[in-house]
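Below is one structure, written out as structure tokens; the observations come after it.
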Amino acid sequence: MAAQGKDQIIPSQGPPARKLVSVRTIADIKPIKGNRHLEVAKIDGWNVVVVKGDYTIGQFVVYFEVDSFLPNTEDRFWEYCQPHKVQEYNGQSGYVVKTSMKHGTISQGVIFPLSTFPEIEKARIGLENQLGGSELTVEALQQMDFASALGVKKYDSVYFDAAGYYGQPPIFFPQPGCERAQNVTSLFQEFSDTTFQITEKLDGLPMTIYHVRKDSGWYHALPRNRDSGTERPEYGVCGREHDYIQHEKSVFWIAAKNQNVIKKLRRLGRNLAVQGELCGSSIMANSMGFAEGEHRFYVFGIYDIDRAAWMNANKAFGLCKELNLTHAPVLGRMKLSNFASSIDELLEKAEGKGVLGQNREGLIFRTPNNSWGFKVIANSWLLKYGQHKVDQWGSSNNEDNNHVGHF
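Residue numbers (UniProt numbering): 1 to 407.
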């Protein structure tokens, strides 16, 4: 961590980078009832439907995560980039890896034999020569991301217009994000006795509302846009990638003002970042069923900027109650082992009704000090709701965005 100002610490930024393309090991292979041609390969916590007999238990494979964008200019992806499946993304044609249902079985991700990619095999040999032992080689190889080498990009289902933000979010608080349970391979071995706060996973966009005093060093570290035409305020609203300039049409700012979050933080007078989920009628799939034009910000954590630490979950919940801020629904606090004993059981329990009576997206598990967590997405929710884009003005990508970027 690097220093910022007098006695002020800047935390490491957000969740670890996601590995879109990585070398994994097939942990198990299971048959699909009633199907003689397909079977399920278990890759860590993920299930991938494959052709029967193509793979074996213990085999090294190249795994492409959901949201990987495979360019159709790469011949090795031809099987997936068939004309009826190709779509455009950032001016390029390709195939988006999505969650799918194949013969009654959930399939998440795509795998290829290691031999399909000589460049990855070359990296393995190089590591073996450098590190010696096969275990060290495998461990180092599985930490690498080969997305860039193969021209694979992350398909981002959210976009924003550059005219409406100061720049990137402030650097003095981490960005929200947690891994899916299926990617935490040692979840039950390491965390069975760990107590978690369990909240509903809400269908929305991550959003942070923050306040820093003008007499603090943090104020001078705020992002600024020379073309904004206004003095930089000591408070702000940001998503995971952008710090938004206040505007009457921004759904982020509308929600923050309607719920008086900034007014309450300014009155409190502390350097805090309140993080949560922005949900509403124009956000993502609106699977929560908000009325037209309705949006709501749900808090799931509070970061103490001066202490460079998350506020304890109970304390954050209490502060939300004191300030009359809407907290994400807390479903319980308990040891993981008391809630579930396997990924399959977690997925079963992720199903259920949400705060507004809808089928919920899933569950979020966070340690009491909010330092670590993971999420479990309900399979039924994944299958029902596809890719949805939205800009900060509340416009869907399926509509004409005539007013985006225009003030």
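Cβ coordinates follow ideal geometry from the N, Cα and C atoms, glycine included.
Keep in mind it's a predicted model, so treat the numbers as computed, not measured.
Distance between beta carbons of Phe64 and Gly109, contact taken as under 8 Å: 6 Å
Alpha carbon to alpha carbon, how far is Phe146 from Lys19? Give it in angstroms, no decimals. 8 Å
Please report the straight-line C-alpha distance between residue 408 and Thr208, rounded to a whole angstrom. Nothing about residue 408 can be read from this structure; the chain reaches only from 1 to 407.
Here's the rule: buried if 16 or more other CB atoms are within 10 angstroms of the residue's CB, otherwise exposed. What is Trp253? buried
From the DSSP output, read off the bridge partner residues of Asp243. Gly167 and Cys238
Using DSSP bridges, identify the partner residues of Asn359. Lys353
Can you tell me which of the three DSSP states Ile283 falls into? coil
Best match in Gly91, Asn72 and Arg76 for proximity to Lys85 [C-alpha to C-alpha]: Asn72
CB contact flag (Glu200, Gly354, <8 Å): Gly354 sits close to Glu200, with the two beta carbons spaced by under 8 Å.
For Ile57, the three-state DSSP class (helix, strand or coil): Reduced to three states, the DSSP call for Ile57 is coil.
With a 10 Å radius around its C-beta and 16 neighbouring C-beta atoms as the bar for buried, classify Ser115 as buried or exposed. exposed
Could you tell me whether the segment 297-312 touches the segment 361-371, where touching means 3 or more Cβ pairs closer than 8 Å? yes
Where does the unbroken beta strand (DSSP E) through Ala27 begin, and where does it stop? Val21 to Pro31
Cut-off 7 Å between Cβ atoms - residues of its own chain near Lys214, not counting five sequence neighbours on either side: Glu234
Can you grab the Cα-Cα spacing for the pair Gln92 / Ser148, in whole Å? 15 Å
Contact between the segment 284-298 and the segment 250-265: three or more CB pairs below 8 Å? As far as the Cβ criterion goes, the segment 284-298 touches the segment 250-265, which means the pair count is three or higher.
Range of the contiguous beta strand (DSSP E) that encloses Ile209: Leu205 to His211
Could you please give the first and the last residue of the uninterrupted beta strand (DSSP E) stretch that includes Ala41? Leu38 to Ile43
Can at least three beta-carbon pairs, one atom from the segment 305-325 and one from the segment 269-284, be found at a separation below 8 Å? yes
Report the rounded CA-to-CA distance for residue 408 versus Pro31, giving the unit in angstroms. Residue 408 is absent from the structure shown; the chain starts at 1 and stops at 407.
Quick test of your reading: Thr99 and Val66, contact by CB under 8 Å. State the CB separation rounded to the nearest angstrom. Sure, about 6 Å apart at Cβ, within 8 Å.
Quick check on Glu88: buried or exposed, where buried means 16 or more other Cβ atoms within 10 Å of its Cβ? Exposed: under 16 other Cβ atoms inside 10 Å.
Under DSSP, the alpha helix (DSSP H) around Arg267 begins and ends at which residues? Val261 to Leu268
Measure how close the beta-carbons of Ala350 and Leu363 come, nearest whole angstrom, since I'm counting them as under 8 Å. 5 Å
Taking the alpha carbon of Arg267 as the reference point, which residue from Gly276, Leu323, Pro169 and Ala328 has its own alpha carbon closest? Leu323
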